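Visitor: Residue numbers (my numbering), protein chains in the order written: chain F, 192 to 438; chain B, 192 to 438.
There are 2 protein chains.
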Amino acid sequence: MQPTLRIVETEKLKTACSSCSLQELCLPAGLSTDEMKAFDQMIDRRRPLKRGDYLYRSGTTLQALYAVRSGFLKSCVLHEDGREQVAGFHMMGDLMGLDAIGTNAHLCDAIALEDSEVCEIPLSDLESLSREIPALQQHFNRIMSREIARDYGVMLLLGSMRAEERLAVFLLNLSQRFAARGYSSTEFHLRMTREEIGSYLGLKLETVSRTLSNFQSQGLIAVQNKHLRLLKIEQLRELVGQHTCRT
Amino acid sequence: MQPTLRIVETEKLKTACSSCSLQELCLPAGLSTDEMKAFDQMIDRRRPLKRGDYLYRSGTTLQALYAVRSGFLKSCVLHEDGREQVAGFHMMGDLMGLDAIGTNAHLCDAIALEDSEVCEIPLSDLESLSREIPALQQHFNRIMSREIARDYGVMLLLGSMRAEERLAVFLLNLSQRFAARGYSSTEFHLRMTREEIGSYLGLKLETVSRTLSNFQSQGLIAVQNKHLRLLKIEQLRELVGQHTCRT
DNA sequence: TCTTCGGTTTGACGCAGATCAAAACGGGGG
DNA sequence: CCCCCGTTTTGATCTGCGTCAAACCGAAGA
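1) I need the boundaries of the alpha helix (DSSP H) containing Leu392/B, first residue and last residue.
2) Note down, one range per segment and in chain order, each beta strand (DSSP E) of at least 3 residues found wholly within the segment 390-415 of chain B.
3) Ser212/F: which of Val259/F, Glu226/F, Arg242/F and Gly273/F sits nearest, CA to CA?
4) Nearest-angstrom Cα distance between Cys229/F and Asp300/B?
5) Going by CA-CA distance only, name the one from Asn332/F, Leu304/F and Leu286/F that's closest to Cys310/F.
6) Nearest chain F C-beta to Ala220/B closer than 7 angstroms, yes or no?
7) By the three-class DSSP mapping on this structure, what secondary structure does Leu349/F have?
8) Go ahead and label Lys417/F buried or exposed: buried means 16 or more other beta carbons lie within 10 angstroms of its beta carbon, across all protein chains shown.
9) Between Ala278/F and chain B, is any beta-carbon pair separated by less than 7 angstroms?
10) Go to Met283/B, then tell me how far its alpha helix (DSSP H) extends in each direction, as first and last residue.
11) Among the residues of its own chain, which have a CB less than 6 angstroms from the CB of Arg197/F, if the five just before and after it don't count?
12) Straight-line CA distance for Gly410/F to Glu386/F?
13) Quick check: is the beta carbon of Gly393/B nearer than 7 angstroms to any beta carbon in chain F?
14) Which residues bound the alpha helix (DSSP H) around Arg322/F?
15) Would you decide whether His380/F is buried or exposed? Buried here means 16 or more other CB atoms lie within 10 Å of its CB.
16) Could you list the residues in the segment 339-366 of chain B with a C-beta less than 8 angstroms from some C-beta on chain F, going in chain order?
17) Can you list the residues of chain F that Met441/B reaches, using a CB-CB cut of under 9 angstroms?
18) Residues in the segment 295-306 of chain B with C-beta within 7 angstroms of chain F's C-beta atoms, listed in sequence order?
19) Just by C-beta distance, which residues in the segment 250-278 of chain B are closer than 7 angstroms to chain F?
20) Should Arg428/B be flagged as near chain F, meaning a C-beta pair shorter than 7 angstroms?
21) Going by C-alpha to C-alpha distance, which of Leu240/B, Asp231/B, Cys208/B and Thr294/B sits closest to Gly250/B?
22) Please identify the residue among Ile424/B, Glu429/B and Leu218/B whose C-alpha is closest to the C-alpha of Leu317/B.
23) Work out the CA separation of Ile234/F and Gly373/B for me, nearest whole Å.
24) Compute the Euclidean distance between the alpha carbons of Lys423/F and Phe361/F, then round it to the nearest angstrom.
25) Say whether the segment 340-347 of chain B touches the segment 265-281 of chain F, bearing in mind that this needs 3 or more beta-carbon pairs closer than 8 angstroms, one atom from each stretch.
26) In terms of residues, what are the limits of the alpha helix (DSSP H) holding Val360/B?
27) In three-state terms, what does DSSP make of Arg238/F?
28) What is the C-beta distance between Leu427/B and Ala370/B, in whole angstroms, given that I count them as a contact (C-beta under 8 angstroms)?
29) Can you find a C-beta in chain F that's less than 7 angstroms from the C-beta of Arg368/B?
30) Would you verify that the beta carbon of Arg322/F is, or is not, closer than 7 angstroms to some beta carbon of chain B?
31) Is the distance from the Cβ of Gly262/F to the Cβ of Glu305/F below 7 angstroms?
32) Establish whether the CB of Ile424/F and some CB of chain B are separated by less than 7 angstroms.
33) Please list, in chain order, the chain F residues whose beta carbon lies closer than 9 angstroms to that of Glu318/B.
34) With a CB to CB cut of under 6 angstroms and the five nearest residues on each side skipped, what residues in its chain are close to Gly279/B?
35) When you compare each of Leu403/B, Ser321/B and Gly393/B to Arg274/B by their alpha carbons, which one comes out closest?
Given below as structure tokens:
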């Protein structure tokens, strides 16, 4: 047995979706053992990213979809005049690149906010395998649909909520996503800057900072730099929707 | 030959996608004649809607997807406290209900803004037919992806544009969509109220009205109630992105 | 240890757009 | 034809958040 082969095998094993702890969140969720095997073979490689690396850039052609294996990324839409708007934050199990299927070109930049790793999933392979495995096709459709549903939520937030509510929704959403991944729902690190939070929420960084300070002085949360603890989740929830709407 | 049968046949013929003028915009775009025939059989019925009718309501389970055949609809996301946000306007050839695939429940209301007609497309049929017709599967994925891309654009608009820009983007987008459907790109009727425009753009109706008046006095457009003419499309385009951003 | 520099906090002030109010319009029903 | 009511326009005023500015903090590097 050659050492080279051994390395490759080990590599494959490490990569395999069938042994990945994110299974239940990720694209192959709900596949049988055999189906999972077929799916495994489609993932040709994992790709490590360092903080600040681009996973893809706006305007480049779609090479593959990417499942986040570890780390944290943002995607941001660009406006020709240089404005940018963070369209989403992505963590383990999230599928990225969906916006590019329609035109074959990415319309946002995807940037790692910390050292991360993603699995490359060639779209054409995914499409042909979907034909053979109905459950996969269905699941993929559901994932796209859920992204649309998420976007509608963001529209509601951006179009008709005040600053306090936006922040509360944001924190509660993060909390919930961490919980779904087995992390604490009440204590976590914010991987993004205040400016990035602001961009996502349609606010300026100063407003984000001020609002977080308010929450803190009300005893709802405890922030210290990027470290955050939610102290009164219930009150945060109540805060959303009780004020008169701006719009 | 029984009269009943004749009627059914006529009905079928009228409904057939293969003879629908929206073909190139709609879901079956790019299918071969045979494939189109198979697709036709999937559409069990058209559904007429009167102005104000609900196509579906938030919270109800997904029965089918709907392709707009004629007319004009809005979909709006609801917030428990009664706030509502228009998430999109839909016209001929648009596919509606995509947000509900993920959870099997609609998360927005769809309401006809004028008398309209839609084709019902049962999701399960679409999925199974997609397996047989790769082009259909691909096209469906593209349609979902394009909706995601559109949503990102709306986020950019809501998160970082000033009122003037939002209106300009809105008008230019309508113009382009009418053009793609063979209507005038410079003269059309606004099917929605100022309030609905405002809700979509994250503005109040007064602001929408004022901004339209400004455009008119600058000679960019001519508005008279719901009738609208774009006089200087190029200048409207330039207007987008030239101001300092609010966010 | 000190320096540097990106990120964050906090304060003072201004403005775009919300809110309130009232008048004008226009289309459908009697 | 007129009346009525939902929609739109326009004006006056208010306010939440953006803008500008300055101080502060913590991590990385010398």
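Where is the CB? At the ideal position from N, CA and C, for every residue including glycine.
Predicted model, so just to flag it, every value in this text is computed and none were measured.
Guide: Working from what's here:
1) Leu392/B -> alpha helix (DSSP H) spans Arg385 to Leu392.
2) Whole beta strand (DSSP E) segments, 3+ residues: 412-415.
3) Among Val259/F, Glu226/F, Arg242/F and Gly273/F, the Cα nearest to that of Ser212/F belongs to Val259/F.
4) For clarity, residue 229/F is Ala in the given sequence; the question names Cys instead. Rounded to whole angstroms, the gap between the alpha carbons of Ala229/F and Asp300/B is 39 angstroms.
5) Put simply, of Asn332/F, Leu304/F and Leu286/F the residue whose alpha carbon is nearest the alpha carbon of Cys310/F is Leu286/F.
6) Cβ-Cβ to chain F under 7 angstroms: no for Ala220/B.
7) Residue state for Leu349/F is assigned as helix, using DSSP reduced to three classes.
8) It counts as exposed.
9) With 7 angstroms as the cut-off, Ala278/F counts as an interface residue toward chain B.
10) Run containing Met283/B: none; DSSP gives neither H nor E here.
11) At Arg197/F, the pLDDT of 47 sits below 50, so the modelled position is not reliable and the matter cannot be decided from this model.
12) Cα to Cα, Gly410/F sits roughly 23 angstroms from Glu386/F.
13) Chain F contact via Cβ: present.
14) Counting along the chain, Arg322/F sits inside the alpha helix (DSSP H) bounded by residues Leu314 to Glu323.
15) By the neighbour-count criterion, in which a residue is buried when 16 or more other Cβ atoms sit within 10 angstroms of its Cβ, His380/F is exposed.
16) For the segment 339-366 of chain B, which is checked against every Cβ of chain F, the residues closer than 8 angstroms are Ile339, Ala340, Asp342, Tyr343, Gly344, Val345, Met346, Leu347, Leu349, Gly350 and Ser351.
17) Residue numbering for chain B in the displayed model covers 192 to 438; residue 441/B lies beyond these limits and cannot be assessed.
18) Taking 7 angstroms as the Cβ-Cβ cut-off against chain F, the residues of the segment 295-306 of chain B that qualify are Leu298 and Cys299.
19) Under the 7 angstroms Cβ criterion, the segment 250-278 of chain B contributes Val268, His270, Glu271, Asp272, Arg274, Gln276 and Ala278.
20) No - not a single Cβ of chain F is within 7 angstroms of the one on Arg428/B.
21) The shortest C-alpha separation from Gly250/B is found at Thr294/B.
22) Residue Leu218/B is the option with its Cα nearest to Leu317/B.
23) Distance between the alpha carbons of Gly373/B and Ile234/F: 43 angstroms.
24) Answer to the nearest angstrom: the Cα atoms are 15 angstroms apart.
25) A contact is defined here as three or more CB-CB pairs under 8 angstroms, and the segment 340-347 of chain B meets this definition with respect to the segment 265-281 of chain F.
26) First-last of the alpha helix (DSSP H) with Val360/B: Ala354 to Ala371.
27) The answer is strand: DSSP assigns Arg238/F an E or B state.
28) In fact, because the Cβ distance is near 14 angstroms, the residues do not count as touching under 8 angstroms.
29) Judged by the 7 angstroms Cβ criterion, Arg368/B is not in contact with chain F.
30) Cβ-Cβ to chain B under 7 angstroms: yes for Arg322/F.
31) The answer is yes: Cβ separation under 7 angstroms.
32) No, because no Cβ of chain B sits closer than 7 angstroms to the Cβ of Ile424/F.
33) Ordered by position in chain F, the residues that pass the 9 angstroms Cβ test against Glu318/B are Pro325, Gln328, Gln329 and Asn332.
34) Within its own chain, the residues whose Cβ lies closer than 6 angstroms to the Cβ of Gly279/B, once the five positions on either side in sequence are excluded, are Ser266, listed in chain order.
35) Ranking Leu403/B, Ser321/B and Gly393/B by Cα distance to Arg274/B puts Gly393/B first.
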